[in-house]
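Residue numbers (the working numbering): 307 to 486.
A short write-up of the structure that comes next.
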Amino acid sequence: MKNGLIVWLTGLSGSGKSTIANIVIKKLKKANVKVEIVDGDAVRNLTTRHLKYSKSDIFKNNMIISDICEEKRKYLDVIIVTVIAPFKKIRKEIRDRFGKFYKEVYVKASLETVIKRDPKGLYDKVKKGLIQDMIGFSKNVPYEIPDNPDLILDTESKNPKELVSNILDFIICNINLNVK
Numbered sequence: 307m308k309n310g311l312i313v314w315l316t317g318l319s320g321s322g323k324s325t326i327a328n329i330v331i332k333k334l335k336k337a338n339v340k341v342e343i344v345d346g347d348a349v350r351n352l353t354t355r356h357l358k359y360s361k362s363d364i365f366k367n368n369m370i371i372s373d374i375c376e377e378k379r380k381y382l383d384v385i386i387v388t389v390i391a392p393f394k395k396i397r398k399e400i401r402d403r404f405g406k407f408y409k410e411v412y413v414k415a416s417l418e419t420v421i422k423r424d425p426k427g428l429y430d431k432v433k434k435g436l437i438q439d440m441i442g443f444s445k446n447v448p449y450e451i452p453d454n455p456d457l458i459l460d461t462e463s464k465n466p467k468e469l470v471s472n473i474l475d476f477i478i479c480n481i482n483l484n485v486k
């Protein structure tokens, strides 16, 4: 049985979590690392579609993602999670659950920047009143910036190549620490 490393990418929608994860996963697979992405959007669309964006529903969704990771870590070396996970409390609970096998990566980008990027058109929909409770934009669903992430990827100050290199080095270092 494996004890896969969970690399949990947290940050606002549009910060670059999925973009970075998709590049990293290709590189890790080339190196014969058993790795998969658990994408927050995919989980929501497939299994938690009934949940909304209240704090309690976000908490439930993140715990379901955590449960998925628990199963996958039995046969994978690395699980890369891409989900906003806006609340410190839930991230702490997940860290407590997995201990040294959980690594929190804050994919940093300001609200101003993600509104400009808006790859999914979500912020535009919020401005038009088509979406309520947008995480990090709406006052009732804030994004709580991590206090002590294991790694910060600042997508405003570094280019994608540097960011991918940083997280790859980080993952490889932590896999080596966990394989005994």
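The beta carbon of each residue, even a glycine, is placed where N, CA and C say it ideally should be.
- Only residues of its own chain outside the window of five on either side were considered, and among them L469 have a CB closer than 6 Å to the CB of I326, listed in chain order.
- The three-state reading of DSSP puts V470 in helix, counting H, G and I together.
- Non-local beta-carbon contacts of T461 in its own chain, meaning distances under 7 Å to residues more than five positions away in sequence, involve S321, G322, V413, K414, A415, L469 in chain order.
- Scanning its chain for C-beta atoms nearer than 6 Å, with the 5 sequence neighbours on each side dropped, one finds around I329 the residues V470, in chain order.
- In terms of Cβ geometry, I374 and G317 do not form a close pair [threshold 9 Å].
- Separation of the CB atoms of I364 and P392 is rounded to 7 Å, and the pair is thereby assigned contact status at 8 Å.
- The beta carbon of I473 sits closer than 8 Å to those of V313, I326, V330, V411, L457, L459, all from its chain and outside the five residues before and after it, given in chain order.
- Burial is judged here by how many other beta carbons sit within 10 angstroms of a residue's own beta carbon; L352 has fewer than 16 and is exposed.
- With contacts defined as CB atoms closer than 9 Å, I400 and N446 fail to qualify as a contacting pair.
- Rounded to the nearest angstrom, the gap between the Cα atoms of D383 and I477 is 10 Å.
- Rounded to whole angstroms, the gap between the alpha carbons of R397 and D439 is 20 Å.
- A distance of 9 Å or more separates the beta carbons of I441 and P452.
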